[in-house]
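Mapping to this note's numbering: the sequence shown position 11 is 430, numbers consecutive.
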Amino acid sequence: MNVVEAGEELTVRLLVFLVLFTVFAISERSFPRRVRKVDWRIRWLNNMLLSSLNTLVLRIFVPFSGTLFAAYLFEEQGALLKLTDLPWVLSIGIFIVSFDLTIYFQHRFFHWLPALWLLHRVHHTDLDFDVTTGSRFHPISILISMLIKFALIFGLGPFPVAVLAAEVLLNGTSMFNHSNIRLPDSVDRALRWIIVTPDMHRIHHSVVDTEHECNFGFNFSCWDRLFGTYLGEAALPQGQMAIGITPFDETDSIRLDKLLTQPFSWRPSGS
């Protein structure tokens with residue numbers, strides 16, 4: 420449980436990503452929740468290019484993953500606390516819950532602080548909502564998020580496999596709750612007591628300010644309920660609810676170059 424090789428981590432993460440991405444992409448094409456507003460091929464190309472760029476930026480500026488950082492701390496006994504002193508099942512569970520709670524508050528902080536919101540806004544200006552939206556983030560926000568994760572790992576001292584499990588779970592649930600999948604209402608209501616569903620998170624991407632300041636969770640839905648940010652239904656039905664940030668339009672919200680420069684203007688270009 421103590422050591423995860425870099426090659427093993429990459430294989431696991433890539434395999435899980437490809438399998439889940441394929442499943443969710445096929446599912447949202449077979450059972451769509453909403454009608455697309457723009458050409459999905461153009462959106463997918465630019466969203467995936469941004470996601471690939473983020474991976475490259477991380478490799479350049481942070482040449483080791485959270486899993487490898489946890490392995491280093493384990494070998495050097497360098498963490499502040501040591502979850503590795505606990506039984507491994509309990510240790511992994513504590514870290515996954517702590518990791519998800521940290522991501523919840525990180526998300527709220529990115530909405531609250533204006534400078535961070537300009538970065539995070541890139542995620543929200545997507546005019547449609549599907550599996551590729553889950554990886555549409557500005558590179559600088561990805562770097563900041565990685566530093567926050569490193570701080571958590573340094574503080575708790577988890578098993579490396581716990582970090583890998585938490586990251587894989589976060590990536591998988593992010594693809595799921597951003598997917599354009601129509602779930603039966605009964606299934607959605609049941610799942611919401613445990614995890615964030617697409618209908619629940621889609622409300623967070625509404626153009627209505629009071630709606631996109633709710634439902635911050637990515638994995639466990641309990642944080643929104645516990646901290647008073649849960650909203651069960653939007654003002655409009657899911658199929659009619661407007662997605663994005665007013666007044667961003669197709670000229671500001673699709674092309675890769677626009678997404679990269681978007682945070683450096685308080686308003687979209689041309690407005």
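Here a beta-carbon is modelled for each residue, glycine too, at the ideal position from N, C-alpha and C.
- Judged by DSSP secondary structure, Asn465 falls within the alpha helix (DSSP H) whose first and last residues are 459 to 480.
- Beta-carbon to beta-carbon, Leu602 and Thr592 are separated by about 14 Å, too far to satisfy the 8 Å threshold.
- Going by beta carbons, Arg462 and Asp547 fall inside the 8 Å limit.
- According to DSSP, Ser625 shares a beta bridge with Ile662.
- In this structure the stretch 562 to 573 lies against the stretch 481 to 497, because at least three pairs of beta carbons, one per stretch, are closer than 8 Å.
- Taking the C-beta atoms as reference points, Leu502 is found nearer than 8 Å to Pro577.
- Listed in chain order, the non-local C-beta contacts of Ile515 below 8 Å within the same chain comprise Ala581, Ala584, Ala585, Leu588, local neighbours out to five positions each way being set aside.
- Classified as exposed, Arg460 has fewer than 16 neighbouring CB atoms from the shown chains inside 10 Å of its CB.
- Distances from the CA of Ser471 to each of Pro558, Gly658, Phe443 were compared; the closest alpha carbon is that of Pro558.
- Ile673 and Ala490 have their alpha carbons spaced roughly 38 Å apart.
- Selection Ile662, Thr680, Pro666, Pro682 evaluated against Val457 yields Ile662 as nearest (Cα-Cα).
- Trp612 is classed as exposed because its beta carbon has fewer than 16 other beta carbons within 10 Å across all chains shown.
- Contact between Asn465 and Ser554 is ruled out by a C-beta separation of about 12 Å, above the 8 Å threshold.
- Under the three-state reduction of DSSP, Phe578 is assigned to coil, being neither helix nor strand.
- Taking a contact to require three or more Cβ pairs closer than 8 Å, the stretch 428 to 447 and the stretch 646 to 663 do not qualify as touching.
- Within the model, the alpha-carbon separation for Val627 versus Val541 is close to 16 Å.
- Here the alpha carbons of Glu428 and Leu437 stand approximately 14 Å from one another.
- Contact annotation: Val550 and Met619 have beta-carbon atoms that are not nearer than 8 Å.
- From the listed residues Leu575, Asn638, Leu562, the smallest Cα separation to Ser510 is found for Leu575.
- Here the alpha carbon of Leu535 sits roughly 8 Å from the alpha carbon of Phe528.
- Around the beta-carbon of Thr486, 16 or more other beta-carbon atoms lie within 10 Å, marking it buried.
- According to DSSP, Ile600 shares a beta bridge with Pro451.
- Across the set Leu678, His539, Gln496, the C-alpha of His539 shows the shortest separation from the C-alpha of Ile563.
- The C-beta of Thr544 has 16 or more other C-beta atoms within 10 Å across all chains shown, which makes the residue buried.
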